[in-house]
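As structure tokens, the structure follows; a few thoughts come after it.
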Amino acid sequence: MTIEIKKERKKLTLKIAGRLDTTFAPQMEKAVNENISGVEELVIDMENLEYISSAGLRVLLSAKKKMDDTGSVKIKNVSEPIMEVFEITGFNEILTIE
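For our numbering, add 5 to where a residue sits in the sequence shown, where the first one is 1.
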């Protein structure tokens with residue numbers, strides 16, 4: 006998995022590619038935790054994400070909880086297979102998906 010981090014003022018964009026699974030969830034969590042300070046909008050671009058596991062879902066939920074008090078989380082460019090996971094797990098009701 007690769008993570009491209011772009012921070013502009015109070016907006017943080019994480020563009021993730023590959024597989025967000027047990028192996029790489031800690032890397033994603035670290036990227037969020039190290040860059041979230043002062044952020045009011047967190048955008049997670051999943052255009053090149055191929056797979057997400059329950060560990061990946063946990064990282065997204067954790068990021069949302071961190072942002073609930075200070076701003077928003079938006080998930081963008083979700084592929085059909087990833088959206089199916091969100092729908093099955095109910096994450097499409099929890100997250101803002103564009």
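Backbone N, C-alpha and C fix where the C-beta goes; we use that ideal spot for every residue, glycine too.
The structure presented is a predicted model; accordingly, all values stated were derived computationally and were not measured.
Can you find a C-beta in chain C that's less than 8 Å from the C-beta of Asp-26?
No chain C appears in the structure shown, which is made up of a single protein chain.
Simplified DSSP state of Glu-45, which is helix, strand or coil:
Three-state DSSP puts Glu-45 in coil, outside helix and strand.
How many angstroms separate the CA atom of Phe-91 from the CA atom of Asn-97?
Taking the straight line joining both Cα atoms gives about 5 Å.
If you run the structure through DSSP and keep just helix, strand and coil, what is Val-78?
Of the three classes helix, strand and coil, the one that applies to Val-78 here is strand, per DSSP.
Identify whether Arg-14 lies in helix, strand or coil by the three-state DSSP scheme.
Reduced to three states, the DSSP call for Arg-14 is coil.
Check for me: the alpha helix (DSSP H) holding Glu-64 runs from which residue to which?
Contrary to the premise, residue 64 reads as Val rather than Glu in this sequence. Boundaries of the alpha helix (DSSP H) around Val-64: 59 to 72.
For Ile-10, count neighbouring C-beta atoms within 10 Å of its own C-beta (all shown protein chains included) and say buried if the count is 16 or more, exposed if not.
Within a 10 Å sphere around the beta-carbon of Ile-10 sit fewer than 16 other beta-carbons, which makes this residue exposed.
Can you name the residues that DSSP bridges to Leu-100?
Per DSSP, none; premise fails for Leu-100.
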